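Peer 1: Here the protein sequences come in this chain order: A and D.
FYI, in my numbering the residues of the first sequence are 380 to 679.
FYI, in my numbering the residues of the second sequence are -5 to 541.
Quick one: the structure is below, questions incoming.
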Amino acid sequence: MTGLRRSPLAYLPRKGPLQSAGPLAASLYLGGFLVAGLLAPEPLVALAAALGAAIAGIGAGAWRAVRFSLGLGLGIALVLTLVNAVASDRGATVLARLGEWPVLGSVQVTAEAVAAGAMTGLRAVAVMVVAAVWSACVDPDRVLARMHRFGGRTALTATLVSRFLPLAAADRARLGEAAGLRGPAASPVTRAAMARRLLEGSLDRSVEVAATLELRGYSLPGAPSAPRPQPSRHDRRFLVCGVALLAIVLAALATGDGSLIAYPEVRWQAGPTTVVLVVSLVFAGLVTWPGAGRTRDRRP
Amino acid sequence: MTVAPKTGSRPRPLSVENFSYAYPRGGGLALEGISLEIPEGEFVLLAGGSGSGKTTLLRAACGLVPHFHGGTIGGSVLVSGRSAAEGGPGEMADLVGLVAQDPETQVVSTTVRSELDLPLRFRGQGAPARARAIEEVALALGIPHLLDRQVTTLSGGELQRVALAAALVTRPPLLLLDEPTSQLDPVAGDELIGLLRRLNEEWGVSVLMAEHRLERVLPSADRVVVMERGRIAFDGSPRGFQEYALASDPSLAAPAARVFSQAGADRLPLGVREARAELAGLDVPADGTPSGAPDRAPGNGRALSCERLWVELDDGLERVEALRSVDLRIDPGEKVALMGRNGAGKSTLLKAAAGLVGPVSGRITARGGMALLTQDPSDYLVRDSVRAELPGPEGEAALAAAGFDGDLDADPRDLSGGQRQRVALAIALAGRMETERLPDLVGLDEPTRGMDRGLKEGLAELADRLADRGAAVVIATHDVEFAASFADRVVLLGEGEVIADGPAGEVLSGGWYFTTEVARIFGVEGVIGVDEGALLLSGMLSAGEPG
């Protein structure tokens, strides 16, 4: 067994197409999955967005980030589903009556509340996988340079965009390590306590990093913008794919042929545009795989 | 060739006038009526106990206070004639370089090279100038081998050096340093002080440096400013400071001065060089009474036993050998300082003992259980009160064992550094004690960062108490003086291997770097502490008196 020193969300400078691509192209490409996952009208699209992003991450060599985000995302999805099942009494199909609870009163679990919670959870899984792949595969230095180039003069915004996830991931690794070192009689570290501590700590550290960035000269009056980063031969592939994904997502939303309506009864429908979107999302994930997009040598 | 006048009518690098400041969360004034002028090319040492206002003053001098911390100010802080309070850190960037205490929040890029490149890019420098500046600063700080490393794979000390290099690479006229040697090994610490002195002398860089380990810096400083409860308590020469410290707060005085003062000598030396000059003509004995445990037979390793231990760390790109064929046995009740250069494997050994990393070959066992406190005690604190962290009688027993005597309803993150450390240690101990019995092994990783000498003495007392109750206490530290004050035994690691293991008096004397100031003055094996040095010097002075 060996010890791991790096957070799974930390950027690794591999030579894959996604890592080589410019931050704009890579962000637009992953943005397609993000928008699809976030606005997913029904569960298949959210699942496909998470799956496509996971395939993209694995193709880019970020399997640790994918595994980590899936683990965390599924845990959060489960919590969201359970909380909604208990907290919401809407819905016609009663699965279980749990009697009188303090504060909540009469509690009953309905299939509709479970479906609504699970849908929100699936969206969260997709967002987390996309964010993890972005963090592990898109060079934050190039993101920072790009933000500076586009006239970003607020170090805090730049830090939150380019460094928050890696900082949070590093904090989580340290907090997790410390949680494992607590004595058995100390209060256990619940997910809620850890999440709160993580959020507070990461925001504090982001502010400190932003201060460092300011002192390094990020917003020096008259400071020249960082030079344009070297273009990559993979940029076009990711740009085209990202734009296409966004267009299909918007088309699917506009046609409205896929939907999950939870209340008063679960109604789930998926039309042809949804099917196209699902297939597109899954196949779009393959764009990051080595050899994808390579033109075949047709010489005899 | 003509030479420009040194200062002319240029504004001073730092001019503070009647400055007061209160943090937004209350608690009174953090700084009160501070007036301070630092001329070009002066090296000023900022001394004072923990919480005396040193860090706040440094923050004010670069505009972080009030811009990033909020709060209310009075008076003015001018940096090269510009108001730090009005301009904020963004406008101060070309006038000051800051190295803060926590190196992890001072790296903003992914690789060391890009970290050093970034400030130069922001200033629009061309590629050749940037390459040269990076190469030079890397050579000066001994980090050329780190240039292409990912910052996430660096140890705390390596990160500290990178943060320093990033602050120095643009050669700012004023350097603000907040305990820059706290995470550096003694070799890197001494090299840093030498480098700062060179920058100061050759480039006219003004330096304002807060530091607790004064013995390192005092001989290089032009002036010492002592802070006490947010006010300036002393401002004068290093020699005047020694007298002030011995009269008002002996814990601030450097070991050399304390030795000579305790021995009744008339003149207080500023450092090793002056002290050795004072000793010229006196008969220095060949050896003294060794400090620490006497030579003993190897124990059974009940607290910790390593046999041919190899540990590799995998950062996702490559595997690095962190520990190589380590053989080590530690018994309950021993007090061991684990020392070595940055990246030598100290933290890895503690983590391996706690089971956080496993061996690739060999064996490591802590049969009687282990409690480990990692570098940042705040990582253990996740609840709103001490009581919520440690409920019930077992929690109270752990707090008592760790020596915590503060408010149980306080938010742990609002406690002082020392109290926070004790709560975190209690969290690690809770439930691992069989009634009053501790685990056989208690490990602390770099616990003295940011601590003044008083707090370090408290920590050494805590280690004594834990050892008296049967626990082996192993502390990884770069602080040689602290190691000499608490340890019976010192284990020195180099490149993942044990290169020295013996009584503290033996290991911490006779060397160049891993040795105390007292040992460097006398060069007598076994004489490493102030009391032993004073005793030896008294004898030498008596013997040297005309009969």
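Just so you know, even glycine gets a beta-carbon here, dropped at the ideal spot from N, CA and C.
None of the values given here were measured: they were computed from a predicted structure.
Let me make sure I understand the geometry here. Which of D:L307, D:D378, D:R313, D:E272 has the alpha-carbon closest to that of L343 of chain D?
Peer 2: Numbered from its first residue, the second sequence carries residue 343 of chain D at position 349. Nearest C-alpha to L343 of chain D: D:L307.
Peer 1: Which value, in whole angstroms, describes the spacing of the CA atoms of P244 of chain D and R252 of chain D?
Peer 2: On the second sequence, residue 244 of chain D is found 250 positions in, with the first residue counted as 1. On the second sequence, residue 252 of chain D is found 258 positions in, with the first residue counted as 1. Computed Cα separation, rounded: 8 Å.
Peer 1: Are the stretch 162 to 175 of chain D and the stretch 492 to 499 of chain D in contact at 8 Å, needing three or more beta carbon pairs?
Peer 2: no
Peer 1: Please classify I493 of chain D as buried or exposed, where buried requires at least 16 neighbouring CB atoms within 10 angstroms.
Peer 2: Your numbering for residue 493 of chain D matches position 499 in the second sequence. That one is exposed.
Peer 1: Does E306 of chain D come out as helix, strand or coil in the three-state DSSP assignment?
Peer 2: In the second sequence, counting from the first residue as 1, residue 306 of chain D sits at position 312. Note: E306 of chain D maps to strand in three-state DSSP.
Peer 1: In whole angstroms, what is the alpha-carbon distance linking G436 of chain A and L665 of chain A?
Peer 2: Against the first sequence, residue 436 of chain A aligns to sequence position 57. Against the first sequence, residue 665 of chain A aligns to sequence position 286. For G436 of chain A and L665 of chain A, the distance between alpha carbons rounds to 9 Å.
Peer 1: Return the CA-CA distance between L189 of chain D and P7 of chain D, expressed in angstroms with no decimal places.
Peer 2: Taking the second sequence and counting its residues from 1, one reaches residue 189 of chain D at position 195. Taking the second sequence and counting its residues from 1, one reaches residue 7 of chain D at position 13. The straight-line gap from Cα to Cα measures roughly 20 Å.
Peer 1: Are any of the Cβ atoms in chain A nearer than 7 Å to that of Y17 of chain D?
Peer 2: The sequence position of residue 17 of chain D within the second sequence is 23, counting from 1. No, no contact with chain A.
Peer 1: Consider the Cβ of A424 of chain D: report whether some Cβ of chain A lies at a distance smaller than 7 Å.
Peer 2: Counting from 1 along the second sequence, the entry for residue 424 of chain D is found at position 430. Taking 7 Å as the threshold, the shortest C-beta distance from A424 of chain D to chain A falls below it.
Peer 1: Measure the beta-carbon distance from A477 of chain D to P326 of chain D and round it to whole angstroms, keeping in mind my assumption that it falls under 8 Å.
Peer 2: Numbered from 1 along the second sequence, position 483 holds the residue referred to as residue 477 of chain D. Numbered from 1 along the second sequence, position 332 holds the residue referred to as residue 326 of chain D. Going by Cβ atoms, the distance from A477 of chain D to P326 of chain D rounds to 20 Å, so no, they are not a contact pair.
Peer 1: Please report the Cβ distance between T510 of chain D and V467 of chain D, rounded to the nearest whole angstrom; I am assuming they are in contact, meaning their Cβ atoms lie under 8 Å.
Peer 2: In the second sequence, counting from the first residue as 1, residue 510 of chain D sits at position 516. In the second sequence, counting from the first residue as 1, residue 467 of chain D sits at position 473. Wrong, their Cβ atoms sit about 19 Å apart, outside the cutoff.
Peer 1: P122 of chain D CB to nearest chain A CB: under 7 Å?
Peer 2: Residue numbering aside, residue 122 of chain D sits at position 128 when the second sequence is read from its first letter. It does not; no Cβ of chain A falls within 7 Å.
Peer 1: Quickly, what does DSSP pair D439 of chain D with across the bridge? List them, please.
Peer 2: Indexing the second sequence from 1 puts residue 439 of chain D at position 445. As a beta-bridge residue in DSSP terms, D439 of chain D pairs with D:A470.
Peer 1: Distance, Cα to Cα, V512 of chain A vs A441 of chain A?
Peer 2: Taking the first sequence and counting its residues from 1, the one referred to as residue 512 of chain A is at position 133. Taking the first sequence and counting its residues from 1, the one referred to as residue 441 of chain A is at position 62. In a straight line, the C-alpha of V512 of chain A is about 7 Å away from that of A441 of chain A.
Peer 1: Can the beta-carbon of V484 of chain D be found closer than 7 Å to that of A331 of chain D?
Peer 2: Start at 1 with the first residue of the second sequence, and residue 484 of chain D comes out as number 490. Start at 1 with the first residue of the second sequence, and residue 331 of chain D comes out as number 337. Cβ atoms of V484 of chain D and A331 of chain D: closer than 7 Å.
Peer 1: Against chain D, with Cβ distances strictly below 7 Å, would Y642 of chain A count as a contact?
Peer 2: For the purposes of this step, residue 642 of chain A is taken as residue 263 along the first sequence, with counting starting at 1. Chain D contact via Cβ: absent.
Peer 1: Among the residues of its own chain, which have a CB less than 7 Å from the CB of R542 of chain A, if the five just before and after it don't count?
Peer 2: The residue labelled residue 542 of chain A in the question sits at position 163 within the first sequence. Cβ within range, chain order: P519, S585, V588.
Peer 1: Excluding the five sequence neighbours on either side, which residues of its own chain have a C-beta within less than 8 Å of the C-beta of R124 of chain D, listed in chain order?
Peer 2: For the purposes of this step, residue 124 of chain D is identified with residue 130 of the second sequence, where counting begins at 1. For R124 of chain D, where only same-chain residues beyond five positions count, the Cβ hits under 8 Å are D111, L114, R115.
Peer 1: Counting only runs that start and end within the stretch 377 to 447 of chain D, where is the beta strand (DSSP E) found for 3 or more residues in a row?
Peer 2: 435 to 439
Peer 1: Excluding the five sequence neighbours on either side, which residues of its own chain have a C-beta within less than 7 Å of the C-beta of F662 of chain A, listed in chain order?
Peer 2: Numbered from 1 along the first sequence, position 283 holds the residue referred to as residue 662 of chain A. So no residue of the chain qualifies.
Peer 1: Along chain A, which residues have their Cβ under 7 Å away from the Cβ of P385 of chain D?
Peer 2: The count along the second sequence starts at 1 and reaches residue 385 of chain D at position 391. Going along chain A in sequence order, the residues near P385 of chain D (Cβ under 7 Å) are S566.
Peer 1: Give the range of the beta strand (DSSP E) segment to which E13 of chain D is assigned.
Peer 2: The residue labelled residue 13 of chain D in the question sits at position 19 within the second sequence. A small correction: the amino acid at residue 13 of chain D is Phe; Glu does not occupy that position in the sequence shown. Run containing F13 of chain D: 8 to 16, per the beta strand (DSSP E) assignment.
Peer 1: Reducing DSSP to helix, strand and coil, say where I705 of chain A ends up.
Peer 2: The requested residue 705 of chain A does not occur in the structure, where chain A is confined to residues 380 to 679.
Peer 1: Check for me: the beta strand (DSSP E) holding F682 of chain A runs from which residue to which?
Peer 2: In this structure chain A extends from 380 to 679, so residue 682 of chain A is not present and cannot be described.
Peer 1: Taking Cβ-Cβ distances shorter than 7 Å, what residues in chain E pair up with R377 of chain D?
Peer 2: Looking at the structure shown, chain E is missing, and the protein chains on hand are A and D.
Peer 1: Tell me which residues of the stretch 574 to 603 of chain A have at least one Cβ-Cβ distance to chain D shorter than 7 Å, keeping chain order.
Peer 2: Against chain D - using a Cβ distance shorter than 7 Å - the residues of the stretch 574 to 603 of chain A are R576, R584, V586, E587, V588, A590, T591, L592, E593, L594, R595, G596, Y597, S598, L599, P600, A602, P603.
Peer 1: Can you confirm whether R553 of chain A, when its beta carbon is compared against all beta carbons of chain D, has any partner nearer than 7 Å?
Peer 2: The sequence position of residue 553 of chain A within the first sequence is 174, counting from 1. Among the residues facing chain D, R553 of chain A is included, as its CB has a counterpart in that chain under 7 Å away.
Peer 1: Which first and last residues belong to the beta strand (DSSP E) in which E222 of chain D is found?
Peer 2: Here the question's residue 222 of chain D lines up with position 228 in the second sequence. Residues 217 to 222.
Peer 1: Look up E31 of chain D in the DSSP assignment and give the residues it is bridged to.
Peer 2: Sequence index remark: in the second sequence, residue 31 of chain D carries index 37 (1-based). Per DSSP, D:S9.
Peer 1: Quick check: L625 of chain A and G401 of chain A, are their CB atoms within less than 7 Å of each other?
Peer 2: Position 246 of the first sequence, counted from the start, is the residue given in the question as residue 625 of chain A. Position 22 of the first sequence, counted from the start, is the residue given in the question as residue 401 of chain A. No, these two residues do not count as a Cβ contact at 7 Å.
Peer 1: Have a look at the DSSP bridge pairing and note the partners of I226 of chain D.
Peer 2: Locating residue 226 of chain D in the second sequence gives position 232, where the first residue counts as 1. DSSP output for I226 of chain D lists D:M221 as bridge partner(s).
Peer 1: Roughly how many whole angstroms lie between the Cα atoms of L535 of chain D and P279 of chain D?
Peer 2: Indexing the second sequence from 1 puts residue 535 of chain D at position 541. Indexing the second sequence from 1 puts residue 279 of chain D at position 285. If I take the Cα positions, the gap works out to 12 Å.
Peer 1: Note down, in chain order, every chain A residue with its Cβ under 7 Å from the Cβ of E489 of chain D.
Peer 2: Taking the first residue of the second sequence as position 1, residue 489 of chain D is located at position 495. The premise fails here: E489 of chain D is roughly 17 Å from chain A at the closest Cβ pair, so nothing lies under 7 Å.
Peer 1: Measure the alpha-carbon distance for A269 of chain D versus A250 of chain D and round it to whole angstroms.
Peer 2: As a working note, residue 269 of chain D is residue 275 in the second sequence. As a working note, residue 250 of chain D is residue 256 in the second sequence. Whole-angstrom Cα-Cα distance: 7 Å.
Peer 1: Closest to L52 of chain D by CA distance: which of D:A160, D:V201, D:G120 is it?
Peer 2: Indexing the second sequence from 1 puts residue 52 of chain D at position 58. Among D:A160, D:V201, D:G120, the Cα nearest to that of L52 of chain D is on D:V201.
Peer 1: Taking the beta carbon of R357 of chain D as the centre, do at least 16 other beta carbons fall within 10 Å, making it buried, or is it exposed?
Peer 2: Sequence index remark: in the second sequence, residue 357 of chain D carries index 363 (1-based). Its Cβ having fewer than 16 others within 10 Å, R357 of chain D is exposed.
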